[in-house]
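In this note's numbering, the protein residues as written are 17 to 278.
Following: one structure in structure tokens, then a few remarks.
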DNA sequence: ATGCCCTATGATATAGGA
């Protein structure tokens, strides 16, 4: 079974690329982030035509997450338990579902903006809610393969950014953000390192300053897998080819192949 | 070398991204 996570930076702007990518790589499950559209505006017909069931949570201009599956889409959960709000709004940043006996969470963790910004505190609170939600699920179903996949907006180590010196006083690399990741590890999730097809294992390159061509990337799209999920992984890789050319998302898909049917 | 930003919106600037 092939499961993929991809921050598409607008499903509307990316639709032709997403459809072509689905046809080429045939994932069974695709977790999307940054839809930037409402549920009503999601291109349902085009995706369903390729054989996918779809669950979305999008409210418009920003954020938005979805799960696409060819192998069943059961027990859909919209949002986290006690998910914190930002400026009075419950943002569409997490959606979970069970696909062919595998529990998948598609997450778009808040950016944080600046370490002294309210959004940064919100980011840490959001991580705590994510952990509590998934911890409860894993305790209820310890044998069920489960993974949180998506845009975590944290680079786990200094090796996961092109130049740590450029990140002084920046989010994504602070001790508190990295502690949020190690806290997830403490409840039994493994940061599964993908295989880089070329160069460093980055998943994001900024649009600005020709960052992709210069290799100025970050690994922030992550696979946090419980033991049953991690044991089933046969391959995991970053499709940096998809970052090339005009009309690419600033994030590359991360592909996870698992043993077992289908 | 896949290259000097991209996206959506009560738009003709602005907010957000990371």
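We treat Cβ as the ideally placed atom computed from N, Cα and C, and that holds for glycine.
query	result
Beta-carbon proximity of residue 235 to residue 217, cut-off 8 Å	yes
Check whether residue 204 and residue 242 have beta carbons under 8 Å apart	yes
Buried/exposed call for residue 176, threshold 16 Cβ in 10 Å	buried
Among 268, 274 and 273, nearest to residue 48 - alpha-carbon criterion	268
Short Cβ contact (8 Å threshold) for residue 145 with residue 98	yes
Those residues which DSSP pairs with residue 165 across a bridge	122 and 239
With 16 other Cβ atoms within 10 Å as the buried cut-off, status of residue 86	buried
Environment of residue 110 [buried if 16+ CB atoms lie within 10 Å]	buried
Rounded C-alpha distance that separates residue 239 from residue 78	23 Å
Top-ranked residue by Cα proximity to residue 276, from 255, 270 and 249	249
Expected contact under 8 Å - CB spacing of residue 200 and residue 149 to nearest Å	The pair is not a contact, with the Cβ atoms about 11 Å apart (cut-off 8 Å).
When 37, 68 and 72 are compared against residue 54, the one with the closest alpha-carbon	72
Inter-residue spacing [alpha-carbon to alpha-carbon] between residue 229 and residue 103	37 Å
First and last residue of the uninterrupted alpha helix (DSSP H) at residue 35	27 to 41
In DSSP terms, what residue 143 is bridged to	Answer is none; residue 143 lacks a bridge partner.
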